[in-house]
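Trainee: If you scroll down you'll find the structure; I have some questions about it.
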Amino acid sequence: MSKILKPTRLDLDHNAPTASKEWKHWKRTFENFIEDCGEDAPDKFRSIINFVSSNVYDYIEECDSYESVIETLENLYIKTPNEIFARHQLLARHQTSSESLENFLQELRKLSKNCNYKDVSAEQYREEQIRDAFISGINSNYIRQRLLENSTLNLQSAFNQARSLDIAQRNSDSYMQKTSSFSSNLNIAAAIKLPEEPSAALNAMTINPQTKCIYCGNPSHNQRNQTSARKNCPAQNVTCFKCGKKGHFFKVCLGRPMNITHSVSAAIHKPSLCTVSSGCPLSLSHAAVIVRINDEPLTALIDSCSSDNFISKKIIETLKI
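Each residue of the sequence shown is one higher than the last, beginning at 1424 in our numbering.
Written out as structure tokens, the structure reads:
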């Protein structure tokens, strides 16, 4: 009879999902085998060493008694169940379309084994039921995951932890919104094409060497070729203080004076492609201010050293500037 009850060699990975169940079964078969041998039963310590694989033996090599071997293997294969997670699994388990009522009930009984149900008062039972419903019904998967990390947890502790996590999550979202609020509305990539320099008619004209330059009033650089004369003219890149146009001095200006209180002098360059990177870095937030255009608040980045000012094409179209 002992040959029939002889257990197989134990070669079980402790990380296997069914490690606990297989260990409990193997342990029972080994105990049945020893008990069936009666007076002829071999030494249990020597026998269990013989019935484990070399991989399992690595864990019990330093054990000096049968009891210490069993204790080591129990700790290796049987993990302390997470009561909170086990009850969550039980509540979340639903019958599948191909599952009979008998099988569904059996699965529920299996899941309930790790739920650590005990004899408690009606009030304590009520608190546990509310706790389980609270964890299962929370909208945030992140908060639920953190609560399920606890092996044991009462209702008040679950609520306090969930509230702390919820506040931290809201503060984090608020911080991210404040950081992103510094993003600039200047999100453009526009090609600016400026007027060409003096017309071909002026370049082609010939002048009298005794005539003063019509741009600066000096005769010294006057030449037969107007193009060469313009290159030598000191007023070539100068903006007139009277009319605001470029290319001549104030003393020879024949235009009308500008009828404005404040004027802005801007350097004119050849056609170029101008781009502005999107977003105002947090490090430059102290230089960002709120301005109003047509009563609409916009974020502007102040740069006193900038030679040009830009505004988003999208803003111009939206505000119809």
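Built from N, CA and C at the ideal position, the CB exists for glycine as well.
(1) Mind checking whether L1499 and Y1480 have CB atoms under 8 angstroms apart?
(2) Taking the beta carbon of R1554 as the centre, do at least 16 other beta carbons fall within 10 Å, making it buried, or is it exposed?
(3) What does the alpha-carbon distance come out to for the pair V1661 and I1739?
(4) Under 8 angstroms between C-beta atoms, does H1448 make it to chain D?
(5) Is the stretch 1451-1461 close to the stretch 1498-1518, with three or more CB pairs under 8 angstroms?
(6) Is L1496 buried or exposed, if buried means 16 or more other CB atoms sit within 10 Å of its CB?
(7) Rounded to whole angstroms, what's the CA-CA distance from E1494 to T1519? Just pull it up for me.
(8) Going by DSSP in three states, E1719 sits in which element: helix, strand or coil?
(9) R1451 to L1513, Cα distance in whole Å?
(10) Measuring CA to CA, which of T1441, E1490 and I1558 is closest to I1501?
(11) List the whole-angstrom C-beta distance separating P1504 from F1474, where the pair is believed to meet the contact cut-off of C-beta under 8 angstroms.
(12) Tell me whether I1472 sits in a helix, a strand or coil according to DSSP, three-state version.
(13) What residue does the alpha helix (DSSP H) around Y1540 start on, and which one ends it?
Mentor: Straight from the coordinates:
(1) no
(2) R1554 is buried by the Cβ-count criterion.
(3) 30 angstroms
(4) Any reference to chain D falls outside this structure, which holds one protein chain only.
(5) no
(6) Only buried fits L1496, as 16 or more other CB atoms lie within 10 angstroms of its CB.
(7) 39 angstroms
(8) In the three-state scheme derived from DSSP, where H, G and I count as helix and E and B as strand, E1719 is classed as strand.
(9) 27 angstroms
(10) T1441
(11) The Cβ separation is near 27 angstroms, so there is no contact.
(12) helix
(13) Run containing Y1540: none; DSSP gives neither H nor E here.
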